[in-house]
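In our numbering, the protein residues as written are 1 to 306.
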Ligand code: GDP
Ligand code: CA
């Protein structure tokens with residue numbers, strides 16, 4: 001069974017790991033978010049692609065929840081001591097990957113090809129492809145002003161409420177090589193339990209990707225990132241409350257209007273299934289606390305008949 005999955009960073013990566021634990025890894029294509037990408041200290045960072053690379057390669061730090069295990073921070077400490085820009089947390093090991101990526105990008109290699117090389121070097125059989133090779137960046141309108149994603153998320157600790165999002169460059173962005181093919185051959189399309197607004201919408205902002213989902217011939221199943229109406233981590237619940245007017249399964253479903261056939265929701269939300277329209281609810285435990293939990297969640301998402 002071939003699967004294409006739209007994914008953000010850490011939450012998405014956990015789910016993708018469950019997918020490749022259950023299915024042959026080569027049958028899975030991950031379409032990753034680049035709206036969070038940032039140039040900092042002269043390097044190009046793709047945080048969501050890297051979260052997936054690290055999780056699939058078993059290099060991620062489970063405790064911290066992001067970045068690499070056994071990380072050290074000597075480079076950043078040096079930057080800080082020299083009065084350099086140190087708001088964005090770059091570990092030494094992580095930085096090594098950014099150096100390789102940045103050099104290749106500067107030599108004219110597209111992000112998708114760089115990402116393929118990195119995945120191969122890490123021994124991954126799963127295909128990871130950025131939604132687009134073009135520059136696409138998330139901006140957020142808040143009561144305190146308009147900020148690029150990482151300034152809002154990291155520098156300001158996502159404390160500002162969000163009124164609107166804008167995906168700079170999306171109008172002209174084309175899908176990266178391999179994205180539309182993966183969607184066309186998939187037996188099922190999945191949307192990981194990622195933040196709908198800042199992880200999945202930037203992917204759907206690429207018109208050809210949204211179009212492929214709208215015209216899909218196979219089921220598309222989203223997994224809610226909320227449990228009991230609360231995000232496991234991060235601002236998804238606050239964003240839904242403010243921009244969608246609530247945090248029920250229907251509010252999450254509304255983020256994917258016309259694009260999904262089913263939504264996997266947690267048992268804690270199982271008594272709030274009104275307003276889903278044609279979208280079929282699948283109720284199960286969705287906290288991916290260990291390998292068994294990940295497997296059960298993936299099995300539930302894949303059980304939707306065509
Ligand atoms: P980011 O790009 O690193 O912020 O990660 P994502 O957007 O891919 O994932 C963030 C979302 O994952 C948050 O809204 C969390 O609520 C959700 N999440 C994290 N772990 C779990 C889990 O175990 N189960 C579910 N259902 N959602 C989760
Ligand atoms: Ca992200």
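For glycine and all other residues, C-beta sits at the position ideal for the given N, C-alpha and C.
According to the DSSP assignment, residue 250 belongs to the alpha helix (DSSP H) that extends over 249 to 254. Excluding its 5 nearest sequence neighbours in each direction, residue 10 has C-beta neighbours in its own chain below 7 Å: 51, 65 and 66, listed in chain order. Separation of residue 124 and residue 83 (C-alpha to C-alpha, rounded to the nearest whole angstrom) is 38 Å. Judged by DSSP in its simplified three-state form, residue 115 adopts helix. Note: residue 44 is bridge-paired with 39 in the DSSP secondary-structure output. No Cβ-Cβ contact shorter than 8 Å links residue 220 with residue 172. A straight line joining the alpha-carbon of residue 289 with that of residue 15 spans about 11 Å.
With respect to the 8 Å criterion, residue 19 and residue 1 are not classified as neighbours on the basis of their beta carbons. In this structure, residue 136 lies away from residue 53, with their beta-carbon atoms at least 8 Å apart. Around the beta-carbon of residue 186, 16 or more other beta-carbon atoms lie within 10 Å, marking it buried. Burial of residue 90 is indicated by the presence of at least 16 other C-beta atoms within 10 angstroms of its C-beta.
Residue range 262 to 266 is occupied by the beta strand (DSSP E) that includes residue 266.
Residue 272 sits in coil when the DSSP states are folded into three classes, being neither helix nor strand. In the DSSP assignment, residue 295 falls within the unbroken alpha helix (DSSP H) covering 291 to 302. With a threshold of 7 Å, the Cβ atom of residue 47 counts as near ligand 2, since some heavy atom of the ligand is closer than that.
Residue 188 is not a Cβ neighbour of residue 194, given a cutoff of 8 Å. Per DSSP, the continuous alpha helix (DSSP H) segment holding residue 202 begins and ends at 201 to 204. Under the three-state reduction of DSSP, residue 88 is assigned to coil, being neither helix nor strand. Among the bridge pairs identified by DSSP, residue 74 is matched with none.
When DSSP states are grouped into helix, strand and coil, residue 135 belongs to the coil group. Of the candidates 285, 237, 246 and 151, the residue whose Cα lies closest to the Cα of residue 85 is 151.
Ranked by Cα distance from residue 93, the first of 80, 102 and 68 is 68.
In this structure, residue 243 has its beta carbon at no less than 7 Å from each heavy atom of ligand 1. Per DSSP, reduced to three states, the secondary structure at residue 126 is coil, with no helix or strand assignment. Inclusion of residue 130 and residue 139 in the CB contact set at 8 Å is not warranted, their separation being larger than that value. With contacts defined as CB atoms closer than 8 Å, residue 268 and residue 234 fail to qualify as a contacting pair. Exposed is the label assigned to residue 159, since fewer than 16 other Cβ atoms lie within 10 Å of its Cβ.
By the Cβ neighbour-count rule, residue 270 is exposed, with fewer than 16 other Cβ atoms within 10 Å of its own.
Approximately 6 Å separates the beta-carbon atoms of residue 252 and residue 226; this is inside 8 Å, confirming the contact. Taking C-beta separations shorter than 7 Å and ignoring five residues to either side along the sequence, the partners of residue 250 in its chain run 274, 275 and 276, following chain order.
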